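Under the numbering used here, the letters of the sequence shown match residues 213 to 297, in that order.
Virtual Cβ for every residue (Gly too), placed ideally from N, Cα, C.
No experiment lies behind these values; they were computed from the predicted model shown.
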Amino acid sequence: DNLAPHKTPDIVAAIEATGAEVWFLPPYSPDLNPIEKMWSKVKQLLRKAKARTEQALLDAIAAALKAILPADAQGWFSSCGYRYE
């Protein structure tokens with residue numbers, strides 16, 4: 213994200229000290245943000261559930277979040293250009 217405190221030299225140095233690279237993304241770049249892909253899947257599942265009561269909506273949200281698998285997250289990060297081992 214582009215939260216100002218995340219860009220301070222001390223924070224950047226701490227991140228780089230772990231061997232990670234710091235990338236600053238354009239201000240609005242959903243195609244480079246894995247969380248946008250996650251929310252897309254959640255919203256798709258919620259539309260499919262067609263919940264019409266508060267309890268049905270809460271149940272649908274819980275089911276949608278449980279449906280997100282580690283492989284999904286890996287794919288989203290990979291498709292956004294993030295490297296991991």
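Residue range of the unbroken alpha helix (DSSP H) whose run includes residue i
{"i": "Asp298", "result": "Residue 298 lies beyond the residue range present for the chain, which begins at 213 and ends at 297; the question has no answer from this structure."}
{"i": "Val254", "result": "246-261"}
Closest residue to residue i among the options (Cα-Cα distance)
{"i": "Trp288", "options": "Leu269, Gly231, Asp243", "result": "Asp243"}
{"i": "Ala279", "options": "Ser252, Gly293, Ser291, Ser290", "result": "Ser252"}
{"i": "Ser291", "options": "Val224, Met250, Ile273", "result": "Met250"}
{"i": "Leu277", "options": "Ile223, Ala283, Leu257, Ala216", "result": "Leu257"}
{"i": "His218", "options": "Phe236, Asn245, Thr265", "result": "Phe236"}
{"i": "Ile273", "options": "Thr230, Lys260, Tyr240, Pro221", "result": "Lys260"}
{"i": "Gln286", "options": "Ala216, Ala232, Asp271, Pro246", "result": "Pro246"}
Assigned secondary structure, residue i (DSSP; H/G/I helix, E/B strand, else coil)
{"i": "Pro239", "result": "coil"}
{"i": "Gly287", "result": "helix"}
{"i": "Ile280", "result": "coil"}
{"i": "Glu233", "result": "coil"}
{"i": "Leu215", "result": "coil"}
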